[in-house]
Amino acid sequence: MAKDQLMPYEQAIEQFEVVIGLEVHVELNTKSKMFCGCANEFGSEPNTNVCPTCIGLPGSLPAVNKKAVESSIAIGLALGCQIAPTGRFARKNYFYPDLAKNFQTSQYDEPIAFDGKVDIELEDGEKFEVLIERAHMEEDAGKLTHVGGATGRIQGAEYSLVDYNRAGVPLVEIVTKPVFGAGAKAPELAAAYVRAIRDMVKAMNVSDARMERGNVRCDANVSLRPRGQEKLGTRTETKNVNSIRSVENAVRYEIQRQAHILAGGGSITQETRHWHEDRGHTSAGRPKSDADDYRYFPEPDLVPVVPAAEWIEEIRATLPENPALRRKRLQGDWGFSDLEFRDVLNADLLDQVEATVAAGAQPQAARKWWTGELSRLANAQDVSPDELAITPAQVARIQQLIDSGDLTDRLARDVVAGVLAGEGEPEEVIEKRGLKVVTDEGALVAAIDAALAQQPDVLEKIREGKVQAAGAVIGAVMKAMGGQADAARVRELILERAN
Amino acid sequence: MSELVFKPASELAQLIAKKEVSSLEVTTAFFDRSEKLNEKTFSYLHLDRDKALAAAKQADAELAAGNVSSPLHGVPIAMKDVLTTKDAPSTAGSKILQGWIPPYDSTVVRKIREAAMPILGKTNMDEFAMGSSTEFSAYGPSKNPWDLTRIPGGSGGGSSSAVAGFLAPLATGSDTGGSIRYPAAVTGSVGAKPTYGAVSRYGVIALASSLDQIGPVSNTVLDSALLQDVIAGYDPMDSTSIPTSLGSMAEAVRRADFKGLKVGVVKQLSSDGFQAGIKELFDDTIAKLVAQGVEVVEVDCPSFEYAIAAYYLILPAEASSNLARYDSVRFGMRVEPEGNPTIERVMAATREAGFGPEVKRRIILGTYALSSGYYDAYYGSAQKVRTLIQQDLDKAFSQVDVLLTPTAPTTAFKLGEKLDDPLAMYLNDIATIPANLAGIPGMSVPNGLAKEDGLPSGVQSLAPAMQDAQMYRVGALIEQLYVAQWGAPLIAQAPNLEVANG
Numbered sequence: 001m002a003k004d005q006l007m008p009y010e011q012a013i014e015q016f017e018v019v020i021g022l023e024v025h026v027e028l029n030t031k032s033k034m035f036c037g038c039a040n041e042f043g044s045e046p047n048t049n050v051c052p053t054c055i056g057l058p059g060s061l062p063a064v065n066k067k068a069v070e071s072s073i074a075i076g077l078a079l080g081c082q083i084a085p086t087g088r089f090a091r092k093n094y095f096y097p098d099l100a101k102n103f104q105t106s107q108y109d110e111p112i113a114f115d116g117k118v119d120i121e122l123e124d125g126e127k128f129e130v131l132i133e134r135a136h137m138e139e140d141a142g143k144l145t146h147v148g149g150a151t152g153r154i155q156g157a158e159y160s161l162v163d164y165n166r167a168g169v170p171l172v173e174i175v176t177k178p179v180f181g182a183g184a185k186a187p188e189l190a191a192a193y194v195r196a197i198r199d200m201v202k203a204m205n206v207s208d209a210r211m212e213r214g215n216v217r218c219d220a221n222v223s224l225r226p227r228g229q230e231k232l233g234t235r236t237e238t239k240n241v242n243s244i245r246s247v248e249n250a251v252r253y254e255i256q257r258q259a260h261i262l263a264g265g266g267s268i269t270q271e272t273r274h275w276h277e278d279r280g281h282t283s284a285g286r287p288k289s290d291a292d293d294y295r296y297f298p299e300p301d302l303v304p305v306v307p308a309a310e311w312i313e314e315i316r317a318t319l320p321e322n323p324a325l326r327r328k329r330l331q332g333d334w335g336f337s338d339l340e341f342r343d344v345l346n347a348d349l350l351d352q353v354e355a356t357v358a359a360g361a362q363p364q365a366a367r368k369w370w371t372g373e374l375s376r377l378a379n380a381q382d383v384s385p386d387e388l389a390i391t392p393a394q395v396a397r398i399q400q401l402i403d404s405g406d407l408t409d410r411l412a413r414d415v416v417a418g419v420l421a422g423e424g425e426p427e428e429v430i431e432k433r434g435l436k437v438v439t440d441e442g443a444l445v446a447a448i449d450a451a452l453a454q455q456p457d458v459l460e461k462i463r464e465g466k467v468q469a470a471g472a473v474i475g476a477v478m479k480a481m482g483g484q485a486d487a488a489r490v491r492e493l494i495l496e497r498a499n
Numbered sequence: 001m002s003e004l005v006f007k008p009a010s011e012l013a014q015l016i017a018k019k020e021v022s023s024l025e026v027t028t029a030f031f032d033r034s035e036k037l038n039e040k041t042f043s044y045l046h047l048d049r050d051k052a053l054a055a056a057k058q059a060d061a062e063l064a065a066g067n068v069s070s071p072l073h074g075v076p077i078a079m080k081d082v083l084t085t086k087d088a089p090s091t092a093g094s095k096i097l098q099g100w101i102p103p104y105d106s107t108v109v110r111k112i113r114e115a116a117m118p119i120l121g122k123t124n125m126d127e128f129a130m131g132s133s134t135e136f137s138a139y140g141p142s143k144n145p146w147d148l149t150r151i152p153g154g155s156g157g158g159s160s161s162a163v164a165g166f167l168a169p170l171a172t173g174s175d176t177g178g179s180i181r182y183p184a185a186v187t188g189s190v191g192a193k194p195t196y197g198a199v200s201r202y203g204v205i206a207l208a209s210s211l212d213q214i215g216p217v218s219n220t221v222l223d224s225a226l227l228q229d230v231i232a233g234y235d236p237m238d239s240t241s242i243p244t245s246l247g248s249m250a251e252a253v254r255r256a257d258f259k260g261l262k263v264g265v266v267k268q269l270s271s272d273g274f275q276a277g278i279k280e281l282f283d284d285t286i287a288k289l290v291a292q293g294v295e296v297v298e299v300d301c302p303s304f305e306y307a308i309a310a311y312y313l314i315l316p317a318e319a320s321s322n323l324a325r326y327d328s329v330r331f332g333m334r335v336e337p338e339g340n341p342t343i344e345r346v347m348a349a350t351r352e353a354g355f356g357p358e359v360k361r362r363i364i365l366g367t368y369a370l371s372s373g374y375y376d377a378y379y380g381s382a383q384k385v386r387t388l389i390q391q392d393l394d395k396a397f398s399q400v401d402v403l404l405t406p407t408a409p410t411t412a413f414k415l416g417e418k419l420d421d422p423l424a425m426y427l428n429d430i431a432t433i434p435a436n437l438a439g440i441p442g443m444s445v446p447n448g449l450a451k452e453d454g455l456p457s458g459v460q461s462l463a464p465a466m467q468d469a470q471m472y473r474v475g476a477l478i479e480q481l482y483v484a485q486w487g488a489p490l491i492a493q494a495p496n497l498e499v500a501n502g
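Here the protein sequences come in this chain order: L and Z. With our numbering applied, the first sequence has no gaps in its numbers, which climb one by one up to 499 at the end. With our numbering applied, the second sequence has no gaps in its numbers, which climb one by one up to 502 at the end.
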């Protein structure tokens with residue numbers, strides 16, 4: 001494939017106004033599928049979670065999963081949308097082997113939720129309002145695996161396998177209105193928006209929200225128009241961008257690619273494009289027009305969804321705090337700097353730190369544990385910190401023991417290791433491993449004497465004002481005491497001896 | 001030949017219940033006759049003696065143990081091939097489903113089994129129920145027991161000819177635009193389309209989802225009522241099924257009286273376009289009712305004029321979508337063309353070989369009607385007509401209890417007569433289609449033999465939605481009047497099939 005020519009990013013932004021539009025598909029984590037009783041489960045043997053309805057056998061009929069409707073309404077409410085008093089399903093007709101009935105049961109002119117907005121704050125503090133056109137319910141398709149080709153794509157494959165376990169899994173598609181005015185920050189805004197949706201559905205527990213499993217998928221629409229032009233440019237739709245970083249990269253790439261074509265007098269082909277994470281570029285998919293003919297019509301096998309106003313209010317009352325507002329509140333409460341807070345967010349440790357603080361630890365101490373030692377240990381085990389075999393309450397307890405002087409930092413790390421090794425609660429580990437700080441001053445003094453004997457010039461240096469010379473002795477004492485000494489007390493004792 | 005086969009289902013049920021005859025004897029009698037005569041009528045696509053007799057033995061055993069599963073316990077029945085059966089091929093009359101044995105029973109079949117009714121076999125039909133004669137069955141046409149050179153009606157001609165030919169005491173049908181009522185009328189039998197949603201569509205191979213409804217086919221009104229009582233009821237598997245009970249139809253038949261009955265005759269369906277003999281018989285039916293003190297008024301349903309046009313947009317539109325699943329990927333026929341077998345080429349070759357001409361015609365019509373830019377003009381307008389027809393009917397039913405019309409414009413035509421004229425074929429359903437568009441119940445009851453050709457005619461009773469009992473009441477009353485005149489149901493006048501030549 002010929003490599004696309006790209007215009008330098010700053011130049012592209014200078015010449016063109018960027019307009020983006022985002023479609024995010026959220027897979028709901030309901031127990032059963034959208035229109036049948038099959039398990040909604042990731043990773044089962046292929047074609048085991050199937051029935052006549054989700055493989056579209058003749059005579060089968062759909063029946064709406066009420067929990068999926070509830071989750072969809074909850075998402076609509078969290079997006080600030082209005083909920084339609086009556087919503088209808090529609091058939092979107094097209095042929096594809098992963099689509100059992102050769103139509104997708106979706107919603108068309110009567111989505112369950114419409115007209116919302118999401119506030120997005122970028123890292124530099126600039127705020128954007130992303131308007132939501134609609135959020136509608138639909139079913140997922142099956143999964144195709146192309147076998148025999150070099151690339152795993154359909155082109156060149158010898159045959160394809162279909163797994164219908166995913167067919168009929170409930171989806172909510174969230175569609176934004178065109179987003180103007182983000183300029184050079186359009187890619188960052190797109191990524192921040194997708195992150196916001198992911199965080200939101202995760203906090204609401206309506207989706208597992210794991211992008212690597214396709215629980216949240218983004219189609220990114222990008223068009224450019226010369227600055228000052230009223231008419232929107234031709235857009236491309238980059239499909240299935242499945243990580244937040246990719247959203248940013250794919251939008252940036254499309255801006256540069258389209259800018260080069262337009263600046264050279266060319267025109268943009270309206271089409272879908274595929275994002276190649278490994279090579280960092282997009283490639284052409286199929287041509288797409290606004291008149292793509294899906295022959296929508298109301299689904300005659302289903303009656304309209306008519307959610308009672310009281311039900312909607314009940315759902316509204318169960319909505320968790322908006323993740324953005326929650327972050328703002330916690331950063332204020334904890335007094336973290338932007339940098340400190342971002343570290344916590346980037347490592348996805350907000351819940352852990354919050355729970356550790358709630359268990360009695362000081363916020364800064366809780367943060368240091370999770371972003372420091374515990375992240376390091378998790379990394380070494382190739383798991384995420386929240387998967388470590390230690391609870392926030394145990395972390396808080398260990399910190400309390402440090403604060404009371406019963407543990408040193410070094411001893412505390414040993415206690416953590418013991419907890420992770422399954423040796424029990426922190427107190428039990430301390431007991432079993434004998435990890436108590438030595439408070440017997442006689443033993444300390446003896447150790448200091450021994451160390452000073454080895455380094456006789458140290459006291460002299462301290463007297464001359466070179467206090468840092470004490471470090472070498474402290475190190476030797478700590479070593480001699482097996483780490484079970486309070487380094488600060490050792491230092492005090494050495495300085496006393498120098499006076 | 002056992003005389004048992006000429007008895008109505010209600011009488012057979014009583015004999016079985018009193019243990020004067022066993023289900024096995026009854027089922028064997030119908031099987032013997034079916035195996036002998038199916039080559040004449042071609043009512044059945046599939047017959048399975050072993051399974052039917054096993055079910056009959058089971059019914060007898062249950063009865064012996066004191067368990068009565070239903071008022072039709074032990075009475076055998078024929079199933080239209082549009083219903084899925086997990087132990088028999090279910091083809092809907094199409095080559096594309098030849099040999100397909102579904103992994104599940106339709107709700108209606110499940111209820112039939114639970115009612116301890118042995119299933120004799122699967123009956124012939126126009127492919128995917130598209131047709132009025134069974135001539136569009138991929139497996140060949142069924143024949144009318146009154147005259148084997150004539151059509152038994154369609155799409156449920158297999159069921160109507162089975163019942164009218166005494167190859168089965170009861171059968172099921174599916175009625176999308178008249179596929180139960182039209183075959184009943186031209187074979188001198190009884191057929192009822194319940195209110196939309198009264199009988200579950202789960203496991204009914206779909207033609208047009210918003211119009212399809214399953215109903216009974218029989219030789220008496222009581223038999224149809226008894227069967228509807230067995231198959232009706234709410235089903236969570238069908239979102240469009242009615243959650244409330246419509247009551248007992250058999251009860252409505254048994255209690256039927258003329259008291260206070262008010263009947264409407266639809267102006268638009270009582271004059272033009274009907275065969276003279278049919279018109280004459282219809283007038284006779286009305287006169288008989290008047291003689292019983294029934295009040296008869298003419299009602300105006302001006303939107304009926306557009307019913308066929310609207311129907312032939314809505315039906316193909318929904319069918320084009322429902323039939324998209326026949327793509328060779330998961331079930332049914334697969335044809336691999338020469339050369340590179342891409343999914344598109346395999347799909348095209350399969351559909352080319354697997355679908356018949358009428359199915360292709362309607363898929364193309366429906367795809368066109370739903371196309372962007374045409375939707376409003378076609379599908380949208382048709383839906384508006386549907387609303388107007390409902391309004392016409394609402395108005396009519398504010399004045400009368402039921403409406404009566406001739407069921408079919410003509411008696412049974414000759415095989416092949418209308419095969420090349422789709423429009424003429426479509427007009428057979430002119431009186432039956434409004435009920436499907438409005439979702440109301442309708443049934444056809446025999447009202448004599450037309451003077452021109454001596455062939456059966458039917459009168460249609462239409463009632464408001466959910467008032468199936470009212471429809472059965474009037475059907476039963478009309479039947480009473482004719483039985484009083486003839487001494488037996490019309491079907492007793494049918495020729496002896498065993499000596500008839502096709």
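Beta carbons: idealized from backbone N, C-alpha and C, even for Gly. Every value quoted in this text rests on a predicted model; they were computed, and no experiment measured them.
Positions along the segment 318-333 of chain Z whose CB lies within less than 7 Å of some CB in chain L: E318, S321, A324, R325, D327, V329, R330 and F331
Proximal residues of chain Z, C-beta to C-beta of L:R91 below 7 Å: S321
Sufficient close CB pairs (3 or more, under 8 Å) joining the segment 85-98 of chain Z to the segment 122-140 of chain Z: yes
C-alpha gap between Z:D105 and Z:D327, whole angstroms: 22 Å
Pairwise C-alpha distance: Z:W146 and Z:L170: 18 Å
Assigned secondary structure, Z:V297 (DSSP; H/G/I helix, E/B strand, else coil): strand
Backbone CA spacing between L:C218 and L:A250 [nearest angstrom]: 11 Å
At least three beta-carbon pairs within less than 8 Å, the segment 24-41 of chain L to the segment 64-80 of chain L: yes
Chain L within 8 Å of Z:P102, Cβ atoms only: yes
Own chain partners of L:Q5 with C-beta closer than 7 Å, once the 5 adjacent residues on each side are dropped: H260
Strand pairing of L:V24, partner residues [DSSP]: L:I174 and L:C218
Residue from Z:A309, Z:A348 and Z:A208 with nearest C-alpha to Z:E318: Z:A208
Segment limits, beta strand (DSSP E) that includes Z:W146: First-last for Z:W146: undefined, no H or E at that position.
Residue-chain proximity (L:V24, chain Z), Cβ-Cβ < 8 Å: no
Rounded straight-line distance, which links the Cα of Z:Q228 to that of L:Q82: 44 Å
Cross-chain neighbours of L:A100 in chain Z, by beta carbon under 9 Å: R325, V329 and R330
Supposed contact pair Z:A59 and Z:H73 - C-beta distance, whole angstroms, cut 8 Å: 6 Å
Reference Z:E452; option with closest CA among Z:I278, Z:F304 and Z:N501: Z:I278
Nearest-angstrom Cβ-Cβ length linking L:P363 and L:F341, presumed shorter than 8 Å: With 8 Å as the limit, L:P363 and L:F341 do not qualify as a contact, their Cβ atoms being about 10 Å apart.
Sequence-distant residues of its chain with Cβ nearer than 7 Å to Z:L15 (five each side left out): V21
L:T238, DSSP secondary structure in three states: strand
Segments assigned alpha helix (DSSP H), at least 4 residues, entirely inside the segment 354-412 of chain L: 363-369, 375-381 and 392-403
Three-state secondary structure assigned by DSSP to L:D109: coil
Beta-carbon proximity of Z:E336 to Z:G131, cut-off 8 Å: no
Chain-ordered neighbours of L:P300 on chain Z, where CB pairs are closer than 7 Å: S209, S210 and E318
Segments assigned beta strand (DSSP E), at least 3 residues, entirely inside the segment 98-142 of chain L: 103-106, 113-121 and 127-139
Segments assigned alpha helix (DSSP H), at least 4 residues, entirely inside the segment 197-263 of chain Z: 221-231 and 249-254
Exposure of Z:E127, with buried meaning 16 or more beta-carbon neighbours within 10 Å: buried
Cutoff 6 Å; reference Z:G99; Cβ partners in own chain excluding five residues on either side: P89
Cβ contact (3+ pairs, closer than 8 Å) linking the segment 118-125 of chain Z and the segment 30-48 of chain Z: yes
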